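Residue numbers 13 to 226, in my numbering, belong to the letters of the sequence shown in order. What follows is a short report on a single structure.
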Amino acid sequence: SYELCGGTHVPATAEIGQFLFVSEGSVSAGVRRVEALTGFGARDYTLKQLQRLSQIAGALSTTTDQVEQRVHALQDELTQTRKQAAALQREVAKSRFDALIAGADQVNGKRALVALIDEVPADTLREMGDWFRNAVSSGVMVLGMVSAGKPQLVVAVTDDLTKNGIKAGDLIKEIAAVVGGGGGGRPTMAQAGGKDAAKLPEALDHARALIAAL
Numbered sequence: 013s014y015e016l017c018g019g020t021h022v023p024a025t026a027e028i029g030q031f032l033f034v035s036e037g038s039v040s041a042g043v044r045r046v047e048a049l050t051g052f053g054a055r056d057y058t059l060k061q062l063q064r065l066s067q068i069a070g071a072l073s074t075t076t077d078q079v080e081q082r083v084h085a086l087q088d089e090l091t092q093t094r095k096q097a098a099a100l101q102r103e104v105a106k107s108r109f110d111a112l113i114a115g116a117d118q119v120n121g122k123r124a125l126v127a128l129i130d131e132v133p134a135d136t137l138r139e140m141g142d143w144f145r146n147a148v149s150s151g152v153m154v155l156g157m158v159s160a161g162k163p164q165l166v167v168a169v170t171d172d173l174t175k176n177g178i179k180a181g182d183l184i185k186e187i188a189a190v191v192g193g194g195g196g197g198r199p200t201m202a203q204a205g206g207k208d209a210a211k212l213p214e215a216l217d218h219a220r221a222l223i224a225a226l
């Protein structure tokens, strides 16, 4: 057992009345601090919490004893909505990507897709590399976007070109350097971040020059 002493002594615990722990945390290594309310303070705290619970129940259009079930139901709805939104966002990204593929340049016998795109989730950006490699028999893709104010780049290279020594990791190192970043990946796919989003168009221009020189 542990003795908890707050510095105030009473002849009997009945004088303390209601006792509620309200917080617990670490003060230093091996030392923890607990805080509690007693007596009228504990009573007032309980009443305020009950009032808050009632307000929350009202906002959720349910009763206080059904708040937990209502919250779980809303969480499930939110999860499904997020999944649907992600699926829709992916469909829109795929549609826009198909249009980019259709307009890709032909450079020295290979397709070259270099473009600045709207922000998409990181996994969708990587998936675009697979879309490119599945759609093109020989080519290089370089896409750039701005996410949370930072530039992001992805490079994809088809298998035939990687066998000839053209590797996505090598290309992205040069391209990402323009935006003050770096990255890497597989010979067929590489991703990088940077610091200066304003230089992203310059980085894409550099990518076009690199592809033209391959």
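Ideal Cβ placement from N, Cα and C applies to all residues, glycine included. Computed from a predicted structure; not experimentally measured.
Compute the Euclidean distance between the alpha carbons of residue i and residue j, then round it to the nearest angstrom.
i      : j      : result
Leu32  : Ala189 : 58 Å
Val152 : Glu89  : 41 Å
Ser38  : Ala48  : 15 Å
Arg108 : Ala71  : 40 Å
Phe144 : Ala41  : 54 Å
Gly205 : Arg55  : 54 Å
Lys95  : Gln87  : 12 Å
Gly53  : Glu80  : 26 Å
Lys175 : Ile113 : 23 Å
Leu212 : Thr93  : 33 Å
Confirm, please, whether the CB-CB distance from residue j to residue i is below 8 Å.
i      : j      : result
Arg155 : Ile129 : The amino acid occupying residue 155 in the given sequence is Leu; Arg does not appear at that position. Going by C-beta atoms, Leu155 is nearer than 8 Å to Ile129.
Val126 : Pro163 : no
Ile187 : Leu165 : yes
Gly193 : Gly181 : no
Ala69  : Thr76  : yes
Val119 : Ala221 : no
Ala134 : Val167 : no
Val158 : Ala209 : yes
Thr136 : Arg102 : yes
Which residue comes first and which comes last in the beta strand (DSSP E) that contains residue i?
i      : result
Gln81  : Segment Val79 to Ala114 is the alpha helix (DSSP H) holding Gln81; no beta strand (DSSP E) there.
Pro163 : Lys162 to Val169
Thr75  : Premise fails: Thr75 is in no beta strand (DSSP E) and is neither H nor E.
Gly194 : Gly194 to Gly197
Asp208 : Here Asp208 belongs to no beta strand (DSSP E), and DSSP marks it neither H nor E.
Gly151 : Gly151 to Ser159
Which residue marks the beginning of the alpha helix (DSSP H) containing residue i, and which one marks its end?
i      : result
Val280 : No answer is possible for residue 280: it lies beyond the span of the chain, which begins at 13 and ends at 226.
Gly141 : Ala134 to Ala147
Glu214 : Leu212 to Ala225
Are the C-beta of residue i and some C-beta of chain B separated by less than 8 Å?
i      : result
Lys179 : The displayed structure is made up of one protein chain only, and chain B is not part of it.
Would you decide whether residue i is buried or exposed? Buried here means 16 or more other CB atoms lie within 10 Å of its CB.
i      : result
Thr170 : buried
Lys122 : buried
Val46  : exposed
Val132 : buried
Gly218 : Residue identity check: residue 218 is His in the sequence provided, not Gly. Classification of His218: buried, given that the 10 Å Cβ count is 16 or more.
Ala98  : exposed
I think residue i touches residue j, with their Cβ atoms under 8 Å apart; what is that distance to the nearest whole Å?
i      : j      : result
Ile178 : Leu216 : About 18 Å; that fails the 8 Å criterion.
Ala124 : Asp117 : 5 Å
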